[in-house]
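>
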Amino acid sequence: MFKKIKDWKPPLEWIRIKTLETHTAGEPLRIILDGYPRLEGKTVLEKRAYLRENYDYLRKILMSEPRGHIDMYGALLVEPDSEDSDLGVIFMHNNGYSTGCGHAVIAIAKVLFKSKDFLKNNSKRTSIIMDVPSGKIKASPVIVNNKLVGISFVNVASFVYKLNYKIEIDGIGKINCDIAYGGAFYVVVRSSDFGLGCNPIYRDRLIDIGMKLKLAVNDSLELIHPLTNKKHSLYGTIFIDSAEFQDNHSRNVCVFANGQIDRSPTGTGVSARAAIEYSKRKIKKGEDLIIESIIGSTFKVSIFKEEKIGSLNIVFPKVTGDAYIIGSNTYYVDPDDPFGDGFLVK
1 MFKKIKDWKP PLEWIRIKTL ETHTAGEPLR IILDGYPRLE GKTVLEKRAY
51 LRENYDYLRK ILMSEPRGHI DMYGALLVEP DSEDSDLGVI FMHNNGYSTG
101 CGHAVIAIAK VLFKSKDFLK NNSKRTSIIM DVPSGKIKAS PVIVNNKLVG
151 ISFVNVASFV YKLNYKIEID GIGKINCDIA YGGAFYVVVR SSDFGLGCNP
201 IYRDRLIDIG MKLKLAVNDS LELIHPLTNK KHSLYGTIFI DSAEFQDNHS
251 RNVCVFANGQ IDRSPTGTGV SARAAIEYSK RKIKKGEDLI IESIIGSTFK
301 VSIFKEEKIG SLNIVFPKVT GDAYIIGSNT YYVDPDDPFG DGFLVK
């Protein structure tokens with residue numbers, strides 16, 4: 001009987017998707033290796049649009065229960081936009097697709113730099129270039145005593161959109177916030193303004209207020225990326241608080257998508273925060289900020305480069321963190337399963 005179960009194989013007509021499971025500073029990343037159809041389009045943005053239009057049910061299958069959960073995150077590897085890039089990446093979560101994702105960049109780069117086949121064929125490589133929806137990202141290994149201990153990446157152009165912006169939140173009143181872009185748009189507030197802290201005991205309230213604030217910003221403010229002229233929606237709310245560990249700068253909690261809460265400090269989020277801190281002259285170029293997550297894990301962020309385009313001040317943040325491979329899976333979809341397409345319990 002045991003051998004029969006051990007040797008079981010699914011019928012050929014079942015959907016089957018292979019993944020590599022990782023986490024970055026506690027935040028999961030499900031890297032999709034096989035099982036997706038080839039996507040039409042010449043760029044990552046075109047491929048993402050084609051994916052959303054034709055195969056979004058696959059995202060729901062992988063991100064939702066019973067294979068995933070409300071806080072699952074995924075990445076689909078695709079062909080790059082240009083020959084000078086190594087790969088393209090499409091990011092996904094419980095509510096759709098995102099423009100940027102730092103924790104995913106760190107995890108994917110860590111997997112590649114730990115791959116013997118990759119290192120054998122690229123022995124002199126010191127970086128990986130990824131095409132993502134928000135632009136081009138360069139990731140490099142952090143080596144200490146000949147050991148790979150993390151990944152650094154230079155993020156896309158980041159900038160402050162609004163400082164000291166006042167907004168009304170239903171049931172709460174008028175609050176003061178900052179809005180910035182670090183690969184995605186974020187509204188940044190202090191958790192203490194709501195009588196909260198940035199730790200797990202406040203999880204439900206952080207999600208509730210974070211989603212209300214996200215909705216309020218999207219309803220009251222048009223977010224136009226000044227370099228592309230494309231309209232965006234606010235991706236998430238970042239609550240900040242004092243650090244709980246000595247020598248760290250502060251603590252971040254990011255609420256995004258459909259009430260998802262990041263276990264990591266959020267790579268695009270700390271980039272947006274670095275842009276804000278730099279614009280307020282609270283940090284200098286090259287100065288490291290160590291920012292904690294809701295679980296105490298950390299990312300390091302600094303301003304790597306700055307530019308001025310017209311009247312817009314932009315910065316290119318450098319983010320450093322670490323990721324770990326935790327498993328691999330093959331997921332199936334039985335066509336007779338009434339919950340095969342996935343569901344979410346919030």
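Taking this note's numbering, the leading residue of the sequence shown gets 1, the next gets one more, and so forth.
Each residue gets a CB set at the ideal place from its N, CA and C atoms; glycine is no exception.
Using only alpha-carbon positions, find the residue among H249, P200, W8 and A243 that is nearest to I295.
Here residue 295 refers to the residue found at position 295 when the sequence shown is read from its first residue. For I295, the nearest C-alpha among the options comes from P200.
> Is A184 helix, strand or coil by DSSP?
To locate residue 184, count along the sequence shown from 1; it is residue 184. Correct three-state label for A184: coil.
> Can you give me the Cβ contacts of K284 inside the same chain, cut-off strictly under 7 Å, excluding the 5 residues immediately before and after it?
If you number the sequence shown from 1, residue 284 lands on position 284. Result list for K284: empty, nothing under 7 Å.
> Tell me, please, whether the region 20-33 touches the region 301-318 by the rule of three or more beta-carbon pairs shorter than 8 Å.
In short, these stretches do not touch, since the Cβ pair count stays below three.
> According to the neighbour-count rule (16 or more other Cβ atoms, all chains shown, within 10 Å of its Cβ), is S264 buried or exposed?
In the sequence shown, residue 264 corresponds to position 264, counting from 1. Result: buried.
> G68 bridges to which residues according to DSSP?
For the purposes of this step, residue 68 is taken as residue 68 along the sequence shown, with counting starting at 1. Answer is none; G68 lacks a bridge partner.
> What is the residue span of the beta strand (DSSP E) that S250 lies within?
Within the sequence shown, numbered from 1, the residue matching residue 250 stands at position 250. Element bounds for S250: S250 to F256.
> Answer with buried or exposed for N94, where buried requires no fewer than 16 other C-beta atoms within 10 angstroms of its C-beta.
The residue you call residue 94 lines up with position 94 of the sequence shown. With 16 or more other Cβ atoms within 10 Å, it is buried.
> Using only alpha-carbon positions, find the residue among E13, G236 and L20 that is nearest to I325.
For the purposes of this step, residue 325 is taken as residue 325 along the sequence shown, with counting starting at 1. Cα-wise, what sits closest to I325 is L20.
> In the DSSP assignment, what are the bridge partners of M130?
Your numbering for residue 130 matches position 130 in the sequence shown. BP columns for M130 point to L87 and I137.
> Within its chain, find whatever has a CB closer than 6 Å to the CB of G135; leave out the 5 residues flanking it on each side and keep chain order.
Within the sequence shown, the letter at position 135 stands for residue 135. Within the same chain, G135 has close Cβ partners V156.
> Which of the three DSSP states, helix, strand or coil, is assigned to D34?
The count along the sequence shown starts at 1 and reaches residue 34 at position 34. Looking at D34 - three-state DSSP - the assignment turns out to be strand.
> Express the C-alpha separation of Y186 and P66 in angstroms, rounding to a whole number.
For the purposes of this step, residue 66 is taken as residue 66 along the sequence shown, with counting starting at 1. For the purposes of this step, residue 186 is taken as residue 186 along the sequence shown, with counting starting at 1. Taking the straight line from one Cα to the other gives about 30 Å.
> For the region 188-197 against the region 138-147, do three or more pairs of beta-carbon atoms, one drawn from each stretch, fall closer than 8 Å, so that the two count as touching?
Judged by Cβ distances under 8 Å, the region 188-197 makes no contact with the region 138-147, as fewer than three pairs qualify.
> How would you label G342, buried or exposed, when you count the other beta carbons within 10 angstroms and need 16 or more for buried?
If you number the sequence shown from 1, residue 342 lands on position 342. G342 should be labelled buried.
> Bridge partners of Y331, per DSSP?
Taking the first residue of the sequence shown as position 1, residue 331 is located at position 331. Looking at the DSSP assignment, Y331 forms a beta bridge with I17.
> Taking L213 as part of the alpha helix (DSSP H), name the residues at either end of that continuous run.
For the purposes of this step, residue 213 is identified with residue 213 of the sequence shown, where counting begins at 1. Segment R203 to S220, the alpha helix (DSSP H) holding L213.
> For Y97, list the residues DSSP reports as bridge partners.
As a first step, residue 97 must be located in the sequence shown, where it is residue number 97. Answer is M92.
> Between the Cα of I207 and those of I238, R273, I175 and F316, spot the shortest distance and give me the residue it belongs to.
Counting from one through the sequence shown, the residue named residue 207 turns up at place 207. Among I238, R273, I175 and F316, the Cα nearest to that of I207 belongs to I238.
> Please report the distance separating the alpha-carbon of K166 from that of I290.
Working through the sequence shown from its first residue, we reach residue 166 at position 166. Working through the sequence shown from its first residue, we reach residue 290 at position 290. Cα-Cα distance, rounded: 28 Å.
> So the beta strand (DSSP E) K162 belongs to, where does it begin and stop?
Numbered from 1 along the sequence shown, position 162 holds the residue referred to as residue 162. Element bounds for K162: F159 to I169.
> Near A216, what residues of its chain come up, given a Cβ to Cβ distance below 6 Å and the 5 sequence neighbours on each side ignored?
Along the sequence shown, read from residue 1 onward, the residue named residue 216 stands at position 216. Once the five neighbours on either side are set aside, the close Cβ partners of A216 are I167 and I169.
> Can you tell me whether L12 is buried or exposed? The criterion is at least 16 other CB atoms within 10 Å of its CB, across all chains shown.
Sequence index remark: in the sequence shown, residue 12 carries index 12 (1-based). L12 comes out exposed.
> For I261 and T298, what's the separation of their Cα atoms in angstroms?
Position 261 of the sequence shown, counting from 1, holds the residue named residue 261. Position 298 of the sequence shown, counting from 1, holds the residue named residue 298. Their Cα atoms are separated by approximately 15 Å.
> With distances taken Cα to Cα, identify the nearest neighbour of F256 among S242, C101 and K230.
Residue mapping note: residue 256 aligns to position 256 of the sequence shown, counting from 1. With distances taken between Cα atoms, F256 lies closest to C101.
> Have a look at L58, I129, Y181 and Y331 and flag the residue whose alpha-carbon is nearest the alpha-carbon of F316.
Locating residue 316 in the sequence shown gives position 316, counting from the first residue. The shortest Cα separation from F316 among L58, I129, Y181 and Y331 belongs to Y181.
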